[in-house]
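Sequence order for the protein chains is P and H.
Heads up: the first sequence is residues 1 to 112, going by our numbering.
Heads up: the second sequence is residues 1 to 112, going by our numbering.
Number of protein chains: 2
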Amino acid sequence: MPNKKRDNIFRAIADPTRREIFHMLVLASAALSINEIADHFPMSRQAITKHIKILNDVGLIDIVPKGRERYCYADPKPLKEIHDWVMYYEKFWENKLNLLDSYLKEKNKKGN
Amino acid sequence: MPNKKRDNIFRAIADPTRREIFHMLVLASAALSINEIADHFPMSRQAITKHIKILNDVGLIDIVPKGRERYCYADPKPLKEIHDWVMYYEKFWENKLNLLDSYLKEKNKKGN
DNA sequence: TAATTTTGCAACCATATGGTTTCTTTTTTA
DNA sequence: TAAAAAAGAAACCATATGGTTGCAAAATTA
Numbered sequence: 001m002p003n004k005k006r007d008n009i010f011r012a013i014a015d016p017t018r019r020e021i022f023h024m025l026v027l028a029s030a031a032l033s034i035n036e037i038a039d040h041f042p043m044s045r046q047a048i049t050k051h052i053k054i055l056n057d058v059g060l061i062d063i064v065p066k067g068r069e070r071y072c073y074a075d076p077k078p079l080k081e082i083h084d085w086v087m088y089y090e091k092f093w094e095n096k097l098n099l100l101d102s103y104l105k106e107k108n109k110k111g112n
Numbered sequence: 001m002p003n004k005k006r007d008n009i010f011r012a013i014a015d016p017t018r019r020e021i022f023h024m025l026v027l028a029s030a031a032l033s034i035n036e037i038a039d040h041f042p043m044s045r046q047a048i049t050k051h052i053k054i055l056n057d058v059g060l061i062d063i064v065p066k067g068r069e070r071y072c073y074a075d076p077k078p079l080k081e082i083h084d085w086v087m088y089y090e091k092f093w094e095n096k097l098n099l100l101d102s103y104l105k106e107k108n109k110k111g112n
C-alpha cells in the first residue's frame with residue numbers, strides 16, 4: 001500500500017535547493033515573491049518556480065497572489081509526516097545499540 | 001556550503017523501496033541476506049542490491065559478509081541528521097500558526 | 001497609452017535514477 | 001569433484017529530474 005502523499009513529501013525535501021528555499025521562507029519575517037526568492041539563487045527564475053511548485057504541491061509553501069506578484073509563505077505543518085516517520089526509529093540511535101553491535105559483541109564473547 | 005553527507009541521507013530515504021528495505025531490517029529480529037531481502041520485493045535482486053548499496057553508503061545498513069552470503073543489519077543512527085533537521089521546524093506546526101495564518105488573520109481584522 | 005515588471009507556459013536538453021538482463025566469480029553442498 | 005547457490009559486475013534502457021531559453025500574458029508605472 002503505497003502512501004503517495006508521504007512519498008511526495010519525502011521527495012520534496014530530498015533536494016537541497018528546495019530545503020534552502022523552504023528554510024529561507026521560514027526565516028523570512030515577511031512573505032517573499034517568486035523573484036525575491038529567485039534572486040538568492042544562482043539559477044534561473046524558472047528553475048526556482050519549478051521547485052516552488054513542488055513545495056506548494058506538498059503543502060510546504062502557501063502562495064497568495066497579489067497583483068502581478070505571488071507571495072510565498074512557508075508552512076512547516078506537513079513536516080509532521082517526516083517527524084512521525086523518523087521518530088519511530090529514535091529508540092535505536094538513542095540506545096546507541098543496534099543489531100550489528102549486538103552481533104559483534106556476542107561474537108567477541110564467544111571468541112570466534 | 002553544501003552538506004554532501006546530509007544531502008545523501010535525504011536522498012537515500014526519499015525512495016519508498018529503500019524506506020521499506022530499511023524498515024524490514026529494523027523489524028527483523030535477525031540479519032537478512034541480500035536474497036532474503038530481495039525475495040520480499042517484486043523487482044529483481046540486482047535492483048535491490050543497488051538500493052542496499054545506497055543505504056549502506058549513508059550508513060543506514062551495515063553489511064557483514066559470511067561465506068558466500070552478505071548479512072544486512074539496519075543502523076538507524078544516521079537518521080539523527082533528519083531528526084535534527086525536522087525538529088528545527090517543530091515549533092511551527094506545534095503552534096498550528098504560520099506566517100500565512102498570521103497574514104490572513106491580520107487581513108480579516110483590517111477588513112480589506 | 002506605452003514601457004516595464006512579474007510571472008506562466010512550453011519546448012528543449014543533459015544527466016540521474018530505478019529498473020532490467022546476462023555473465024562471471026566465489027562458496028557451499030550433493 | 002560437479003552442481004547449485006549467492007552475490008557482484010557490466011551493459012543497457014526508459015523515464016524522471018533539474019536545469020535552460022524564448023515568448024506570451026497580465027498588472028503596474030511612467
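In this text, a Cβ means the ideal position worked out from N, Cα and C, and glycines have one as well.
For clarity, every value in this text was computed on a predicted model and none was experimentally measured.
Assigned exposure category for Asp75/H - 16 Cβ within 10 Å defines buried: Asp75/H counts as buried, since at least 16 other C-beta atoms from the protein chains shown sit within 10 angstroms of its C-beta.
On the criterion of 16 or more Cβ atoms from any shown chain inside 10 Å, does Glu81/H qualify as buried, or is it exposed? Burial check for Glu81/H: the Cβ neighbour count within 10 Å reaches 16 or more, so the residue is buried.
With 16 other CB atoms within 10 Å as the buried threshold, where does His51/H fall? By the neighbour-count definition (other C-beta atoms within 10 Å, threshold 16), His51/H is a buried residue.
Would you call the CB atoms of Ala12/H and Val58/H closer than 8 Å? The answer is yes: Cβ separation under 8 Å.
Restricting to Cα atoms, I'd like to know which of Ile37/H, Arg68/H, Lys66/H is closest to Arg18/H. Of the candidates Ile37/H, Arg68/H, Lys66/H, the one whose C-alpha sits nearest the C-alpha of Arg18/H is Ile37/H.
According to DSSP, is Asp62/H helix, strand or coil? Strand, per DSSP.
For Ala74/P, does the three-state DSSP call read helix, strand or coil? When DSSP states are grouped into helix, strand and coil, Ala74/P belongs to the strand group.
For Val86/H, go through chain P and note every residue whose CB falls closer than 8 Å to its CB, in chain order. Neighbours of Val86/H on chain P, chain order: Leu79, Ile82, His83, Val86.
Should His83/H and Glu90/P be called a contact, given that it needs their Cβ atoms to be closer than 8 Å? Contact flag set, yes.
Is any beta-carbon of chain H found at less than 8 Å from that of Asp57/P? So no, Asp57/P is outside the interface.
Against chain P, with Cβ distances strictly below 8 Å, would Tyr103/H count as a contact? Confidence at Tyr103/H is low in this model, with a pLDDT of 48, below 50, so the placement of that residue should be treated as unreliable; the coordinate-derived value is given next. Tyr103/H counts as touching chain P.
Which partner residues of Ser33/P appear in the DSSP bridge assignment? According to DSSP, which records beta bridges pairwise, Ser33/P is partnered with Tyr71/P.
For Tyr88/P, is the classification buried or exposed, using 16 other Cβ atoms within 10 angstroms of its Cβ as the cut-off for buried? So Tyr88/P ends up on the exposed side.
Closest to Phe92/H by CA distance: which of Phe92/P, Trp85/P, Leu79/P, Val86/P is it? Cα-wise, what sits closest to Phe92/H is Leu79/P.
Collapsed DSSP secondary structure at Ala14/P in the structure displayed: For Ala14/P, the secondary structure class from DSSP, reduced to helix, strand or coil, is coil.
From the beta carbon of Glu69/P, is the nearest beta carbon of chain H less than 8 Å away? Put simply, the CB of Glu69/P is far from chain H, with every gap to its CB atoms at 8 Å or more.
Listed by chain order, chain P residues near Ile13/H by CB distance under 7 Å: Correct list: Phe10.
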